[in-house]
Each structure stands twice: as C-alpha cells, then as structure tokens.
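Novice:
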Amino acid sequence: MNIEATLKNYDLSKLKVVTIASHSSLQILRGAKRLGLGTVAVAKPGSGWFYRRFTFIDKVIEVDLGSMEQLAGDLVKDNSILIPHGSYVEYVGWRRALNMPIPTFGNRYIIEWEADQRKKMKLLEYAGIPIPKSFNDPTQVDRPVIVKLSGAKGGRGYFIAKDANELVSKLSSINVGDDYIIQEYVIGVPAYYHYFGSKVYGRVELFGMDLRYESNVDGRSFNLAEPTFVVVGNIPVVLRESLLPIVQKYGEGFSRAVAELVPPGMIGPYSLESIIRDDLSIIVFEFSGRIVAGTNVYMGIGSPYSVLYFDKPMDMGERIAHEIVNSVKRGKLIDILT
Amino acid sequence: MNIEATLKNYDLSKLKVVTIASHSSLQILRGAKRLGLGTVAVAKPGSGWFYRRFTFIDKVIEVDLGSMEQLAGDLVKDNSILIPHGSYVEYVGWRRALNMPIPTFGNRYIIEWEADQRKKMKLLEYAGIPIPKSFNDPTQVDRPVIVKLSGAKGGRGYFIAKDANELVSKLSSINVGDDYIIQEYVIGVPAYYHYFGSKVYGRVELFGMDLRYESNVDGRSFNLAEPTFVVVGNIPVVLRESLLPIVQKYGEGFSRAVAELVPPGMIGPYSLESIIRDDLSIIVFEFSGRIVAGTNVYMGIGSPYSVLYFDKPMDMGERIAHEIVNSVKRGKLIDILT
Amino acid sequence: MNIEATLKNYDLSKLKVVTIASHSSLQILRGAKRLGLGTVAVAKPGSGWFYRRFTFIDKVIEVDLGSMEQLAGDLVKDNSILIPHGSYVEYVGWRRALNMPIPTFGNRYIIEWEADQRKKMKLLEYAGIPIPKSFNDPTQVDRPVIVKLSGAKGGRGYFIAKDANELVSKLSSINVGDDYIIQEYVIGVPAYYHYFGSKVYGRVELFGMDLRYESNVDGRSFNLAEPTFVVVGNIPVVLRESLLPIVQKYGEGFSRAVAELVPPGMIGPYSLESIIRDDLSIIVFEFSGRIVAGTNVYMGIGSPYSVLYFDKPMDMGERIAHEIVNSVKRGKLIDILT
Numbered sequence: 001m002n003i004e005a006t007l008k009n010y011d012l013s014k015l016k017v018v019t020i021a022s023h024s025s026l027q028i029l030r031g032a033k034r035l036g037l038g039t040v041a042v043a044k045p046g047s048g049w050f051y052r053r054f055t056f057i058d059k060v061i062e063v064d065l066g067s068m069e070q071l072a073g074d075l076v077k078d079n080s081i082l083i084p085h086g087s088y089v090e091y092v093g094w095r096r097a098l099n100m101p102i103p104t105f106g107n108r109y110i111i112e113w114e115a116d117q118r119k120k121m122k123l124l125e126y127a128g129i130p131i132p133k134s135f136n137d138p139t140q141v142d143r144p145v146i147v148k149l150s151g152a153k154g155g156r157g158y159f160i161a162k163d164a165n166e167l168v169s170k171l172s173s174i175n176v177g178d179d180y181i182i183q184e185y186v187i188g189v190p191a192y193y194h195y196f197g198s199k200v201y202g203r204v205e206l207f208g209m210d211l212r213y214e215s216n217v218d219g220r221s222f223n224l225a226e227p228t229f230v231v232v233g234n235i236p237v238v239l240r241e242s243l244l245p246i247v248q249k250y251g252e253g254f255s256r257a258v259a260e261l262v263p264p265g266m267i268g269p270y271s272l273e274s275i276i277r278d279d280l281s282i283i284v285f286e287f288s289g290r291i292v293a294g295t296n297v298y299m300g301i302g303s304p305y306s307v308l309y310f311d312k313p314m315d316m317g318e319r320i321a322h323e324i325v326n327s328v329k330r331g332k333l334i335d336i337l338t
Numbered sequence: 001m002n003i004e005a006t007l008k009n010y011d012l013s014k015l016k017v018v019t020i021a022s023h024s025s026l027q028i029l030r031g032a033k034r035l036g037l038g039t040v041a042v043a044k045p046g047s048g049w050f051y052r053r054f055t056f057i058d059k060v061i062e063v064d065l066g067s068m069e070q071l072a073g074d075l076v077k078d079n080s081i082l083i084p085h086g087s088y089v090e091y092v093g094w095r096r097a098l099n100m101p102i103p104t105f106g107n108r109y110i111i112e113w114e115a116d117q118r119k120k121m122k123l124l125e126y127a128g129i130p131i132p133k134s135f136n137d138p139t140q141v142d143r144p145v146i147v148k149l150s151g152a153k154g155g156r157g158y159f160i161a162k163d164a165n166e167l168v169s170k171l172s173s174i175n176v177g178d179d180y181i182i183q184e185y186v187i188g189v190p191a192y193y194h195y196f197g198s199k200v201y202g203r204v205e206l207f208g209m210d211l212r213y214e215s216n217v218d219g220r221s222f223n224l225a226e227p228t229f230v231v232v233g234n235i236p237v238v239l240r241e242s243l244l245p246i247v248q249k250y251g252e253g254f255s256r257a258v259a260e261l262v263p264p265g266m267i268g269p270y271s272l273e274s275i276i277r278d279d280l281s282i283i284v285f286e287f288s289g290r291i292v293a294g295t296n297v298y299m300g301i302g303s304p305y306s307v308l309y310f311d312k313p314m315d316m317g318e319r320i321a322h323e324i325v326n327s328v329k330r331g332k333l334i335d336i337l338t
Numbered sequence: 001m002n003i004e005a006t007l008k009n010y011d012l013s014k015l016k017v018v019t020i021a022s023h024s025s026l027q028i029l030r031g032a033k034r035l036g037l038g039t040v041a042v043a044k045p046g047s048g049w050f051y052r053r054f055t056f057i058d059k060v061i062e063v064d065l066g067s068m069e070q071l072a073g074d075l076v077k078d079n080s081i082l083i084p085h086g087s088y089v090e091y092v093g094w095r096r097a098l099n100m101p102i103p104t105f106g107n108r109y110i111i112e113w114e115a116d117q118r119k120k121m122k123l124l125e126y127a128g129i130p131i132p133k134s135f136n137d138p139t140q141v142d143r144p145v146i147v148k149l150s151g152a153k154g155g156r157g158y159f160i161a162k163d164a165n166e167l168v169s170k171l172s173s174i175n176v177g178d179d180y181i182i183q184e185y186v187i188g189v190p191a192y193y194h195y196f197g198s199k200v201y202g203r204v205e206l207f208g209m210d211l212r213y214e215s216n217v218d219g220r221s222f223n224l225a226e227p228t229f230v231v232v233g234n235i236p237v238v239l240r241e242s243l244l245p246i247v248q249k250y251g252e253g254f255s256r257a258v259a260e261l262v263p264p265g266m267i268g269p270y271s272l273e274s275i276i277r278d279d280l281s282i283i284v285f286e287f288s289g290r291i292v293a294g295t296n297v298y299m300g301i302g303s304p305y306s307v308l309y310f311d312k313p314m315d316m317g318e319r320i321a322h323e324i325v326n327s328v329k330r331g332k333l334i335d336i337l338t
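Here the protein sequences line up with chains P, Y and D, keeping their order.
Those letters in the first sequence? Residues 1 to 338, per my numbering, in order.
Those letters in the second sequence? Residues 1 to 338, per my numbering, in order.
Those letters in the third sequence? Residues 1 to 338, per my numbering, in order.
1. With distance defined between alpha-carbon atoms, name the residue in D:Lys119, D:Asn136 and D:Gln183 nearest to lysine 148 (chain D).
2. Would you say proline 264 (chain Y) faces chain D, with C-beta separation under 8 Å as the test?
3. Are there 16 or more other CB atoms within 10 angstroms of the CB of phenylalanine 105 (chain P), so buried, or fewer, so exposed?
4. Cβ of glutamine 248 (chain D) less than 8 Å from any chain Y Cβ?
5. Let me confirm a value: lysine 199 (chain P) is counted as buried when at least 16 other C-beta atoms fall within 10 Å, else exposed. Which label applies?
6. Between alanine 32 (chain P) and valine 17 (chain P), is the Cβ-Cβ spacing less than 8 Å?
7. Taking the Cβ atom as the reference point for each residue, do valine 423 (chain D) and asparagine 216 (chain Y) lie within a distance shorter than 8 Å?
8. How far does the alpha helix (DSSP H) with serine 255 (chain P) in it reach, from first residue to last?
9. Helix, strand or coil: which one does DSSP assign to serine 173 (chain P)?
10. Does the CB of valine 238 (chain D) have a neighbour CB from chain Y at under 8 Å?
11. Should tryptophan 222 (chain D) be labelled buried (16 or more other beta-carbon atoms within 10 Å of its own) or exposed?
12. Bridge partners for tyrosine 192 (chain D) per DSSP, in chain order?
13. To the nearest angstrom, report how far apart valine 262 (chain Y) and arginine 256 (chain Y) are at their CA atoms.
14. To the nearest angstrom, how far is it from the Cα of methionine 1 (chain D) to the Cα of alanine 97 (chain D)?
15. Enumerate in chain order the residues of its own chain whose CB-to-CB distance from alanine 164 (chain D) is below 8 Å, with the five nearest sequence positions on each side excluded.
16. Are the C-beta atoms of aspartate 278 (chain P) and some chain D residue less than 8 Å apart?
17. Using only the alpha-carbon positions, how far apart do isoleucine 181 (chain Y) and histidine 85 (chain D) sit?
18. With 8 Å set as the bound, which would you pick, yes or no: does the beta-carbon of aspartate 311 (chain P) sit closer than that to a beta-carbon of chain Y?
19. Do the segment 40-52 of chain D and the segment 62-72 of chain D make contact, defined as three or more Cβ pairs closer than 8 Å?
20. Between glutamate 214 (chain P) and glutamine 248 (chain P), what straight-line distance do the alpha-carbon atoms span, to the nearest angstrom?
21. Compute the distance between the beta-carbons of glycine 289 (chain Y) and asparagine 107 (chain Y), then report whether it is under 8 Å.
22. Once you ignore the five residues that flank serine 281 (chain D) on each side, which residues in its own chain have a CB closer than 8 Å to its CB?
23. Can you list, in chain order, the residues of its chain whose CB lies under 6 Å from that of tyrosine 305 (chain D), leaving out five sequence neighbours each side?
24. Could you give the residue range of the alpha helix (DSSP H) that holds isoleucine 111 (chain P)?
25. Below 8 Å on C-beta distance, what does alanine 225 (chain P) contact in chain Y?
26. Would you identify the three-state DSSP class for glycine 302 (chain Y), choosing helix, strand or coil?
27. Given a limit of 9 Å on CB to CB distance, which residues of the segment 21-36 of chain D reach chain P?
28. Take methionine 121 (chain Y) and list the residues in its own chain whose beta-carbon comes closer than 7 Å to its own, dropping the five residues that flank it on each side.
29. Let me make sure I understand the geometry here. Which of P:Ser24, P:Ser25, P:Ser22 and P:Leu29 has the alpha-carbon closest to that of leucine 15 (chain P)?
30. Is glutamate 226 (chain P) near alanine 293 (chain D), with beta carbons less than 8 Å apart?
31. Rounded to whole angstroms, what's the CA-CA distance from isoleucine 57 (chain D) to alanine 72 (chain D)? Just pull it up for me.
32. For asparagine 296 (chain D), does the count of other Cβ atoms within 10 angstroms reach 16, so buried, or fall short, so exposed?
33. With distance defined between alpha-carbon atoms, name the residue in Y:Phe196, Y:Gly300 and Y:Val186 nearest to glutamine 27 (chain Y).
34. With a cut-off of 8 Å, does the C-beta of phenylalanine 50 (chain Y) fall near any C-beta of chain D?
35. Determine whether the beta carbon atoms of leucine 308 (chain P) and proline 103 (chain P) lie at a separation below 8 Å.
Below, the structure is given as structure tokens:
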C-alpha cells in the first residue's frame, strides 16, 4: 500500500492503535491508551467478551480473521495503525500480512524471512551472530540435535535426538513430506532478549529479557512423559552484566543486517532467542521481527533495562506508544510504518 | 456474630486492619497503612520482634493464638477488621475461624469447604472447572497419581506413584487410619492464579499469577533424595495471553458457584491452582478462598495484571485496602464482611 | 589511606560515584545519578562503547585495570567514592582492593575474609548461622558433597560427588596442588538474600532476594552433559513470610559478627547465600560483603522487600545513593567509607 498517500488523510490528533486481541495485545493497547492514543482490539469470535472487560480498550471488534482485509478500509478511515505480533502473523499468514492494507508499525517485510527457517538462519549469520550448526544429512549428525518441523508453533512439534541413530529412528515416524530442519542441540540455558529499534532516538535499546515457561519440560514430570516444549508463559530474568555488551552487540548487528537485506530496516520491538553455554558464549537459534510475548512479564511495571534509557520503568506497549507519539511530534510518523 | 450490630458501634474513620503476623501480613498491613487505615499484627510468641521492625505496623500484639478469641473484644472496640490468610486458618483451625467474633474480610464460610478435599473438588466441579480424576480404589489406578494425606500442609506429606503397583506399595507404609485422596498426577507445568472478587466494582479481577518454589523438588538434587514438595517461596510468571480468557472464565465460574453454594459468595482475594498441560488445557487441583502467599511476589511493586483494572500497578494488600476504603465510602462496608 | 584527611579536601556538593563497569554498575550509577551524584564508570578496554550508550553515566574511563591505582589521584581530586562489587574484587584482587587509595563505600576489610573459604565459614559460624558440614579427609565423607576449587569463579570449578568413592575418584583428576574445600552437599532449594546495613538508620534491612540462573544446570540438558554451575543471570523470588524472621536474624547476626571481628562492621549491601531444606531449615554456604549481582533483578523497579522500609520501591543502587546522600546531610559521610 501507499503509506504516504494514506497518511495524508489521517487526522494525527485522533490516531488509533489496533491489534489482534491475543499475544501481547493487552500491553499494547494499555500502553497506547496511557499515551493518549485510541485503542481497538480485533478479537476472534468467542474471545471478545474477555477484552470488553477492560476500559482502556475503546472498541472490541469481534470478527473472523479470515476477513481482516474487509475491516481495513474502516480502520484506515479511523486513523488506525496496526501493531503486528506473533499471533497476528499466525492467524492471517505471512502472505496476507505482507499485503494487509493498513499502515503497520515496524518493518512488515521481515515476516517473509521469519517464515523460512533457512532464510532466518541466513539473516542471523549475516549479522555476525553465532547460530547452532545445521545438518542436512541425518546420518552425518555427530552430536545431540533438535528437529524443528516446519510450521511448528510455540514449541509444539520439536524433538531432540542424542545422536544420529536416535535421530534416524525418530525421523522415520514423522509424516513423509514434512519439512524440517536439524540443528545442533546447544547445551546451556535459554534466554530471550527484547530490543527496540528506535527511529526517534536513532538507537537499539536492550529493553528486557525473559525465560519461557514451557509445558511439560518445565514441570515436574519425573520421566512419566516425553519432554514437550509448548510455551505457556514467561518468567522475568536479568543477565550477568558482563554479558550485556555482547547481547547489545548482537542486537545492533541484527539491526544493521536487516537494514541491508530487508529495507527499511528494523523498526520497533524485536527479539533474539538464545542459549547461553557454560563458557558464557551465546548461541542464537531464533529471532522475532516484532514484539514477543515475553515482554508481557513487564506489563505495567516496566523492565529493569528500560530505566537505562528512560526516567521511569516502561513496558514494551508503552515503548511502542512512546515511539508513535514522538514520531508524530517530529513529523516523521511515516518512518516507523510500512 | 451479628456483623450489622457490631458495625453500628464502629468509628469508620478509625478503621483498623488486623491480621496474623505471617503468610502475607506484611503486604496486607503495608497496603492498609498506605490507604490510611490503622494496622495491627497479632504475632505468635517469639516473632513479634521482627514485625516491630516496621513502622507501617501501628501495633504488634504478641500472644498465643490459642487465645485469639480473648483478643476479639478489644479488637472490635478498636474498630478492627480481620484479614484472614492461610496461616490464620492453619493456626486457629477452621472451626474456630468460623466463629471468631471479629468482623472478617471476605467470606469466612468457604473455609469449611476448603478443609475437606472432597467438598473442595465438588465445588470446583460445580463451577465447571476441569479437575484431576480421583480414585477411591488404589488397585483401579491406571495412570500416575499423587496422594495427598489429609492435613498435609504446604506440600508436605504428598507423594507420587507411577502406577497401581507403586501406589499400593507406598500406601502400605503410611499410618493406618490416615485419611488421604488419590488424584491423577497431571503432567504439565504448575500455575497459580490470583483473583479478586470485587463488590465495589461488581467484577472478578484476574489480578496476578505465580509459581511456587518448592523444596527439594525445585532444587538440584541429582536424584540424591526423594522429591519433596514443601513450599518455601514464590516466583512471578505471566501467562500466554491466549490462555487468559479461559483463566478468567474459570475465575468467574468459581465465583458464581460460591455465590450459589456458599452465600454470600466470593469476596476479595482467592486463588485457583492449576497444571497447564502441553495441549494448553488447564486442570485445577486446588483453590484457596482467601489471599495466597503467591501474591507476595508483587508486594509494593504491583502485578502486571493489576494495571488492566487500575491506573497504576497494585499489590493484593493495596487491593484489599482499596476495597475496604471504597466500601466505606459507598456505605457498603457490610457487604465485604462476614 | 587516611580517609578523614582525604575527605577534608572533598567538595561534598560535587560527590561522584565511581565503579568498575561490570557486575552491577548500571544499577549503581543510575541510582547515583537519580539522587544527584556524579557518575564515573571505569571500563576494561573494549567495553567502554557499551557504557557510553547511557546518558546517566557522566564519564566512561577506558583503562587496563592493572593500572587502576594510577587513576586514584584524579578520582580523589574529583571527589569520588568507589563502590566495590564482585567484579572489582575479581579484577584487581583482594590485596590491591585493600590498599586502593580511594575512599571506598562499605567495609573493605571484609574482602580478606571472603578470599579464604575457611575464614569465610568461620565468620558465618561465629555469627550463629548454620553452615554445611566440612570434610578435611575425603575418605571420611559419609554423604553427598560439593567440592569447590579455590579461586573458582561464578560456579565454574565446582563438582558434586555422591559418596566417598566417587569423591576420591573425581579428586584424582584435578591438578596436584590445587586447593579445594569439601562441603556437605545440602539438598534443598537455593535462595540468596540481599541485606543493607544502614548507618543512617541504624538497622539491617532485608532488602531483596533472588535465585541464580546457572548454565547448564538450569537448562534442559537431558543428561546430555555433566552439570555445570556457571552463573549467567538472576531470577526474582520471594520467601514464605514465616521464614523471614530467621532470614532477618541471620542477617543481623552476620552484621554483629562482622562488627566484632572485622571493624568497622558491616556497611551497605551484603548477601547470604543459602539452601532451604524441606524441613524449612536454612543452611548458608557463602556470603558476599558487598552488592551482589542478584540485586540487578530489581533495577529501576525496586524489590518487594524495599517497601517495608521506604515509601516507594527502591533498587540497591538507589539504596546506596540514598545512604551516601543522607550520610552527607548528617555530616557522617566518613561513617560509611573505609
């Protein structure tokens, strides 16, 4: 869509933030409302009642997301900016998200890179970020590996094999034709970093951090079941300060890589998802080009790292709203939309 | 007791919050003081010194809780409202708590349902909340189970059996005559939800969430000891937003069930305690009809979910005080007491 | 150094806080800046760029810490107070830290006790704090033990043996001449307590609490690697309130022991590091005589316990700055420096 033309008709004093009612939408909409923006939640049938409980949401539209495009006209007329998140991409699919005719916060083009595990890894590598070794041929595997089925969501459909034999055996039980990648299983602890690429301040902010809480692997299963990796929540964490420069370096490296390969570059929240080994090296196995649900741990409270940049703790929803409001003030709203 | 008659003699401008010095009392008393209420801690002999360290507690009464009833007259003369919590119920027992002659915040009658594992489960079931399967006959057990000895406190006296054989063997070593229940051991991750049933706003607020930190099962035991489940602390967590509508639904369902079966219904803080399975279903194995210690993770800071209802983060102690103060303002204090 | 003489030349309206750029320096410097103090970060070559990202740091000096002493003159001329932390002690070594010619916040003499595992345990024992049983003769070991190699940093170089046989075998593979201690491996859950010894208020504050996040033992290793214990981060936790009096008692006992054995006593932040067993007893295996990195979990947000002493949540960096500013106001700055 032609954002510039669209924005010409926007009443910037009546901007509305719209997002899909899931994932991190409470945080996004609450932050927007606090900073004086209008708020609209687009809810899947059956979940609107929950979002109507909250007075900071001006309007809840309950609609089948298969017809999201049909809402776009009204939303645009209503001076709306769409804030994308993981569930939005999951619900509408990356192809539709690329073409959704609403001004969208951040760089929507990165969705295409995220949708393909191989392009994803290529982007990380290009950014100079250490990634797990990949294997094309199962019989060549010489260490523990994790297999990620294509389209696996929230950790479902992952499995681990301790060596080539176990891998070949486990692969034989998945559907013929299923696409998957085989990655070195890095031994260490998980840590997920939240960044914010700011056009207003011209910097990459290291904004927060979390751990994922996964069922059943984080429960007390006493070997009564096979481990599964379905994300059900998030837990706050902070990192050893001596690791922060490297985390910042990877965040900035990623931003530079996106600027080169996926114009107009990284805008707003993104995430790198890592394992920290016991030699303190950090291996990044995944990224997300938009707000991650892990930022929910700081909703309303703000993250410990946010105070490195601002007077008061801020959450990611407030940070997004802050960027929108300040971009408008500087006459540069267009810089943060695609 | 006749609350209405008692309250007639109360000077509502001099209300005092009184609680037993343990469990969540620091949070309760600090919240009360912040909102302008008087504060009294009733401490077991030997622990008064600790509570006297804190200036937000107006008075620390050190007394054997066996004679709590004898304090009641003075407390009532002093315009006091008792805030019950788990340690209060544990110390005085549910029968005495039912008859304690002090106006008590919340619905004290639910204590009787909590004291009986079978009534407890019945109430959850009536609320439409999924619970673990129970077994009466050990030999009929067809899956891993957890055995909860009656009167087990804070996880002590629980054990797990992986099948009927192990169960029968382990049961043979407990005391004859001990009462216990046998429940399906649900595989997944624990999560504990904090609700607040508000008479002032006519709603159930999903206020917070935590994980329990249990010794020794959450330590690094390397199979050097049998797992034990003694709660020693709590860790903050947030849930995947797509699970919140179901968590809210169960919270509201529970409130409705209590309104029907245990008049005058749910008032103030309560908790549902669950396992989340890797198919994202939530199985509730326990409830608490009053403030849980897990709310301590948000003391002074406020919970991420509290901002969905209020301008600023709030902790559960402040929330209770807010309800008292606003009930007084509306001339409805009696609605939140039993 | 003669602190009194040095302070005579200080312009107390232009005090600067200086610390080594690592560990907890962001928190320390941000807290100082908030309370109106100047801020200087001394960074190792290659990490200055990171600290220059933050506007609350007035000056970043990038220098080989081998020549820290040569900076001292200028820092003193610049009215500086050094805030020591674990990385400072690690980088310059305890002997140099003892003699560093800069007024240093807290009791620097405790460093010598910390440097020697045996003196460390003696100080804890003198304070009346339960510690793990030590073994001098490996063949006498009658329970699981942990072996700590002298100079092991952040958990690296620790190992566990389940009995005397395994111990003897594992010891045979370490370097001859390596010093180590053999301690009972206490089964339970770890918990780390943050205290603040305040001269201004004449009290020991229980200020916070955390868990360490260690690679790879807190990861999902599925027995694919030997457990290792390298601290990479920290997670917030709160304790069962009934344990707080004992935690407070140990904190105050430690402060009294230091006052007797290591004049001028405990000043500012310190930490006790424990295992909580499933009988709720607390065994302390380590202490730190200054700020610990675990306090980073509360940066900018404040800890749940800080509100027991102050109106608003505070982090440890702010607490230190608060103590400095209020010591100056009372004309007692010298009381908190060594």
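Note that beta-carbon positions come from the ideal geometry of N, C-alpha and C, so glycine has one too.
Specialist: Quick look at the numbers:
1. The residue labelled residue 148 (chain D) in the question sits at position 148 within the third sequence. Nearest of D:Lys119, D:Asn136 and D:Gln183 to lysine 148 (chain D), Cα basis: D:Gln183.
2. Along the second sequence, one-based indexing puts residue 264 (chain Y) at 264. Residue-level contact check: proline 264 (chain Y) does not touch chain D, since none of the beta carbons of chain D fall below 8 Å from its beta carbon.
3. Residue 105 (chain P) sits at position 105 when you count from the first residue of the first sequence. Counting Cβ neighbours within 10 Å, phenylalanine 105 (chain P) comes out buried, since at least 16 surround it.
4. Walking along the third sequence from the start, residue 248 (chain D) turns up at place 248. Yes, glutamine 248 (chain D) lies at the interface with chain Y (some Cβ there is under 8 Å from its Cβ).
5. Here residue 199 (chain P) corresponds to residue number 199 of the first sequence, with the count starting at 1. Looking at its Cβ environment, which holds 16 or more other Cβ atoms inside 10 Å, lysine 199 (chain P) is buried.
6. Counted from its first residue, the first sequence places residue 32 (chain P) at position 32. Counted from its first residue, the first sequence places residue 17 (chain P) at position 17. Yes; because the gap between Cβ atoms is below 8 Å, this pair is in contact.
7. Nothing about residue 423 (chain D) can be read from this structure; chain D reaches only from 1 to 338.
8. Taking the first sequence and counting its residues from 1, one reaches residue 255 (chain P) at position 255. From DSSP, the alpha helix (DSSP H) with serine 255 (chain P) extends over 244-261.
9. As a first step, residue 173 (chain P) is located in the first sequence; it is residue number 173 there, counting from the start. DSSP places serine 173 (chain P) in coil when its eight states are reduced to three.
10. What you label residue 238 (chain D) is simply residue 238 of the third sequence in a count that begins at 1. Contact of valine 238 (chain D) with chain Y is assigned, a C-beta pair being separated by under 8 Å.
11. Reading the third sequence from its first residue, position 222 is the one you call residue 222 (chain D). According to the sequence provided, residue 222 (chain D) is phenylalanine. The question's tryptophan does not apply to it. Exposed is the call here.
12. Residue 192 (chain D) sits at position 192 when you count from the first residue of the third sequence. D:Asp210 and D:Glu273.
13. Working through the second sequence from its first residue, we reach residue 262 (chain Y) at position 262. Working through the second sequence from its first residue, we reach residue 256 (chain Y) at position 256. Those two C-alpha atoms are separated by around 10 Å.
14. Position 1 of the third sequence holds residue 1 (chain D). Position 97 of the third sequence holds residue 97 (chain D). Their Cα atoms are separated by approximately 12 Å.
15. Sequence index remark: in the third sequence, residue 164 (chain D) carries index 164 (1-based). Excluding residues up to 5 positions away in sequence, Pro138, Thr139, Gln140, Val141 and Asp142 lie with their Cβ nearer than 8 Å to the Cβ of alanine 164 (chain D) in the same chain.
16. Here residue 278 (chain P) corresponds to residue number 278 of the first sequence, with the count starting at 1. Yes - at least one Cβ of chain D is within 8 Å of the one on aspartate 278 (chain P).
17. Here residue 181 (chain Y) refers to the residue found at position 181 when the second sequence is read from its first residue. Here residue 85 (chain D) refers to the residue found at position 85 when the third sequence is read from its first residue. Between the alpha carbons of isoleucine 181 (chain Y) and histidine 85 (chain D) lies a distance of about 51 Å.
18. Numbered from its first residue, the first sequence carries residue 311 (chain P) at position 311. Closer than 8 Å: no.
19. The segment 40-52 of chain D is in contact with the segment 62-72 of chain D.
20. Counting from 1 along the first sequence, the entry for residue 214 (chain P) is found at position 214. Counting from 1 along the first sequence, the entry for residue 248 (chain P) is found at position 248. Rounded to whole angstroms, glutamate 214 (chain P) to glutamine 248 (chain P) spans 26 Å at the Cα level.
21. Against the second sequence, residue 289 (chain Y) aligns to sequence position 289. Against the second sequence, residue 107 (chain Y) aligns to sequence position 107. Result yes, Cβ atoms of glycine 289 (chain Y) and asparagine 107 (chain Y) sit closer than 8 Å.
22. As a first step, residue 281 (chain D) must be located in the third sequence, where it is residue number 281. Shown here for serine 281 (chain D): same chain residues with a beta carbon closer than 8 Å to its own, the five before and five after excluded, namely Pro130 in chain order.
23. What you label residue 305 (chain D) is simply residue 305 of the third sequence in a count that begins at 1. Leu206, Phe207 and Gly208, listed in sequence order.
24. Translated into the one-based positions of the first sequence, residue 111 (chain P) becomes position 111. That run of the alpha helix (DSSP H) goes 110-114.
25. Taking the first sequence and counting its residues from 1, the one referred to as residue 225 (chain P) is at position 225. Ile187, listed in chain order.
26. Here residue 302 (chain Y) refers to the residue found at position 302 when the second sequence is read from its first residue. In this structure, glycine 302 (chain Y) counts as coil in the three-state DSSP scheme.
27. Ala21, Ser22, His23, Ser24, Ser25, Leu26, Gln27, Arg30 and Arg34
28. As a working mapping, residue 121 (chain Y) is identified with position 121 in the second sequence. If the five residues before and after methionine 121 (chain Y) are omitted, its C-beta is found closer than 7 Å to the C-beta atoms of Ile131 and Ser134, all from its own chain and listed in chain order.
29. Taking the first sequence and counting its residues from 1, the one referred to as residue 15 (chain P) is at position 15. Cα-wise, what sits closest to leucine 15 (chain P) is P:Leu29.
30. One-based indexing of the first sequence puts residue 226 (chain P) at position 226. One-based indexing of the third sequence puts residue 293 (chain D) at position 293. No, these two residues do not count as a Cβ contact at 8 Å.
31. For this step, residue 57 (chain D) is matched to residue 57 along the third sequence. For this step, residue 72 (chain D) is matched to residue 72 along the third sequence. About 18 Å.
32. As a working note, residue 296 (chain D) is residue 296 in the third sequence. Buried, by the Cβ-count rule.
33. Your numbering for residue 27 (chain Y) matches position 27 in the second sequence. Minimum Cα distance to glutamine 27 (chain Y) is reached at Y:Gly300.
34. Within the second sequence, numbered from 1, the residue matching residue 50 (chain Y) stands at position 50. Phenylalanine 50 (chain Y) counts as touching chain D.
35. To locate residue 308 (chain P), count along the first sequence from 1; it is residue 308. To locate residue 103 (chain P), count along the first sequence from 1; it is residue 103. Contact flag unset, no.
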